[in-house]
Amino acid sequence: MSPRDQGLLLPDHASLVVHGRDQPGIVAVVASVLARHGANIVALDQHSDDPAGGAFFQRTVFHLANYAACHPLLEQELDAALAEDFDLEWRFTDLSVPKRVAIFASKSDHCLLDLIWRQRRGELPMTISMVVSNHPDMAEDVRGFGIPFFLVPTQDKAAAEAEHLRLLQGNVDLVVLARYMQILSSPFLEALGVPVINIHHSFLPAFIGAAPYRKAKERGVKLIGATAHYVTEDLDEGPIIEQDVVRASHRDSAAELARRGADVERQVLSRAVLWHCQDRVILHDRQTIVF
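Numbering-wise (my numbering), the sequence shown opens with residue 1 and increments by one.
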């Protein structure tokens with residue numbers, strides 16, 4: 001079943017995300033511009049962290065016949081309406097167009113194969129342009145889905161990142177790290193120019209390094225979980241998109257903790273990727289607003 005069949009790709013639908021300093025009249029101006037062009041608003045979410053000049057966020061989904069042709073004039077009129085009196089940033093996203101996504105993975109396959117399977121079933125509004133790995137382990141599985149697989153060894157980090165940029169630039173809208181066990185450098189992230197989403201286990205307390213589930217078992221943790229976040233130059237400190245946890249007990253072995261942890265990682269990452277591809281995530285300082 002395709003994404004279009006499940007309603008994830010919407011012909012002649014677009015989202016308009018607006019954010020900036022809150023003040024009276026923003027909603028009215030946006031709605032009036034859309035109405036003048038014959039757009040029908042089908043969903044609207046908004047949030048203000050302080051009505052007296054705080055930060056304002058709004059996501060509007062609308063239907064407009066022949067949107068692709070109408071978009072330039074609509075964009076021009078909205079720019080004119082908001083430019084003078086409002087301190088705002090805004091963007092349109094065509095919801096009929098799937099995001100082009102590259103997935104990076106190392107040896108663990110649970111997040112990678114879950115994303116491929118969900119995309120194939122039409123549960124994610126995206127196309128998978130390629131899978132990139134520093135190990136050959138999953139090449140056969142990936143190519144079995146008809147997806148290009150590229151093996152890029154990382155012993156020489158500079159050479160690897162140069163090859164990554166050659167593969168990615170101009171070909172993708174998003175990169176997903178599906179348990180890719182390498183650190184991306186700041187120059188690489190800057191040159192890449194598209195968002196990167198990462199998934200990692202997050203325990204209370206957090207366990208870094210090798211064998212985290214064994215360490216969790218030794219400490220007798222009561223919760224295990226996962227965090228999906230945007231990647232920044234600060235390792236594992238980017239804005240968080242989604243998190244989830246499951247309870248654990250003394251009865252759970254380290255292997256059982258790892259199995260349940262992998263399941264949480266799959267769910268959290270797929271939700272984060274879905275929300276990003278639907279243009280439901282707004283970045284604000286070091287946090288996210290998710291509508």
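Every residue, glycine too, gets a C-beta built ideally from N, C-alpha and C.
| Item | Value |
| --- | --- |
| For residue 229, count neighbouring C-beta atoms within 10 Å of its own C-beta (all shown protein chains included) and say buried if the count is 16 or more, exposed if not. | buried |
| I'd like the list of long-range same chain contacts for residue 45, defined as Cβ closer than 6 Å, with 5 residues on each side in sequence excluded. | 59 and 291 |
| Leaving out five residues before and five after residue 84 in sequence, what residues of the same chain have Cβ atoms less than 6 Å from its Cβ? | none |
| Do you know offhand how far residue 210's Cα is from residue 184's? | 19 Å |
| Grab me the residues of residue 270's own chain with a C-beta within less than 8 Å of its C-beta, minus the 5 sequence neighbours each way, in chain order. | 114, 115, 118, 123 and 124 |
| Below 6 Å CB to CB, which residues in the same chain sit around residue 142 once its five sequence neighbours on both sides are set aside? | 131 and 149 |
| Around the C-beta of residue 129, are 16 or more other C-beta atoms found within 10 angstroms, so that it is buried, or is it exposed? | buried |
| Hey, would you say residue 177 sits closer than 8 Å to residue 147, going by beta carbons? | no |
| How many Å lie between residue 1 and residue 266 at the Cα? | Interpretation of residue 1 is limited by its pLDDT of 36, a score under 50 that renders its predicted location unreliable; the figure taken from the coordinates is listed afterwards. Approximately 21 Å, taken between the alpha carbons. |
| On the three-pair Cβ rule with 8 Å, is the stretch 78-94 touching the stretch 8-21? | yes |
| Could you please give the first and the last residue of the uninterrupted beta strand (DSSP E) stretch that includes residue 174? | 174-177 |
| Mind checking residue 51: buried by the 16 CB within 10 Å criterion, or exposed? | exposed |
| CA-CA distance, residue 137 and residue 112? | 12 Å |
| Evaluate residue 69 with the Cβ neighbour count: other Cβ atoms within 10 Å of its Cβ, from every protein chain shown; 16 or more gives buried, anything less gives exposed. | exposed |
| Measuring CA to CA, which of 283, 151, 174 and 206 is closest to residue 193? | 174 |
| Would you mind giving the Cβ-Cβ distance between residue 152 and residue 160, rounded to the nearest angstrom? I have them listed as a contact below 8 Å. | 5 Å |
| Which parts of the stretch 141-175 are runs of the beta strand (DSSP E), unbroken and 3 residues or longer, counting only runs that do not cross its ends? | 149-151 |
| Name the DSSP bridge partner or partners of residue 93? | 15 |
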